[in-house]
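Heads up, the sequence shown is in my numbering, so the first residue is 456 and it goes up one at a time. Beneath this line is the structure, given in structure tokens, with notes to follow.
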Amino acid sequence: MNSHLLFDFTVDKAAKTVFITREFDAELSLVWDAFTTAELLDQWVAPKPFVAKTKFMDFKVGGRRFYAMISPEGHERWAIQRYTSISPKTNFKMFNAFADENENPQLPGSEWDYTFSEQDGKTTVHIVIYNESLARMEKMIEMGFTEGFKMSMNNLENLLTTLSKK
């Protein structure tokens, strides 16, 4: 991991919100694509040894992504995301909920707000995750969300390094 890049991860239980700021040594268009393209998301979003598998993704307002995190034993943990707002290369928002294999959401869910900016060839991504319930947020954290998300961000950094060299 590139230790000189900013990475802040803050959990505010009172606000039922997680605040994440992560800097990448890559151009904004590449980072944007990594967050908005199924083929790229599947390469980094799952913390190892899990893998991600997108069943479908339609990145547009009102569109959805349905995907699973798959354990080494083959257990699938599905989630569905609905895109609520998109400002290309700047910001997108989505509603995220765990789901069963038939796309039935398990509510409550969370609202994710991603903001992208670039300066001096580095891209900063600000992510705000608002949970509809404290119980859901605590369950996410108990399931290893903090550690898993940090691992995913490292996976993304490695992928961006590889893609930047092409």
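Beta carbons are placed, not taken as given, at the ideal position from N, Cα and C, and that holds for glycine. Computed from a prediction, not measured in an experiment: that's the story for all the values here.
Span of the beta strand (DSSP E) around residue i
i    : result
M549 : 546-554
F521 : 519-525
K605 : Here K605 belongs to no beta strand (DSSP E); instead the alpha helix (DSSP H) covers 600-619.
E478 : 472-479
D463 : 462-467
Those residues which DSSP pairs with residue i across a bridge
i    : result
I535 : F521, A552
W567 : M549, I584
I541 : F547
K638 : Nothing about residue 638 can be reported from this structure: the residues present for the chain run from 456 to 621 only.
Q561 : F553
Cβ pair residue i, residue j closer than 7 Å
i    : j    : result
T578 : V473 : no
E587 : L483 : no
N629 : S565 : Nothing about residue 629 can be read from this structure; the chain reaches only from 456 to 621.
I525 : K508 : yes
Other residues of its chain near residue i: CB distance less than 8 Å, five sequence neighbours each side excluded
i    : result
K468 : L589, M592, E593
A554 : F521, W533, A534, I535, P560, Q561
R519 : F511, M512, D513, I535, Q536, R537, Y538
L460 : R477, E478, F479, D480, K577, E612
Run of the alpha helix (DSSP H) containing residue i, from where it starts to where it stops
i    : result
D488 : 483-491
A507 : A507 -> not in any alpha helix (DSSP H); beta strand (DSSP E) instead, spanning 506-512.
A590 : 589-597
Cβ-based neighbour list, residue i, same chain, cut-off 6 Å, excluding 5 preceding and 5 following
i    : result
M608 : R477
K548 : T539, S540, D568
T570 : N546, H581
F462 : R477
M456 : The predicted model places M456 with a pLDDT of 48, which falls under 50 and marks its position as unreliable; any figure quoted below should be read in that light. Excluding positions up to five away in sequence, the list reads N609.
Just checking, does the stretch 499-507 make contact with the stretch 605-613 on the three C-beta pairs under 8 Å criterion? yes
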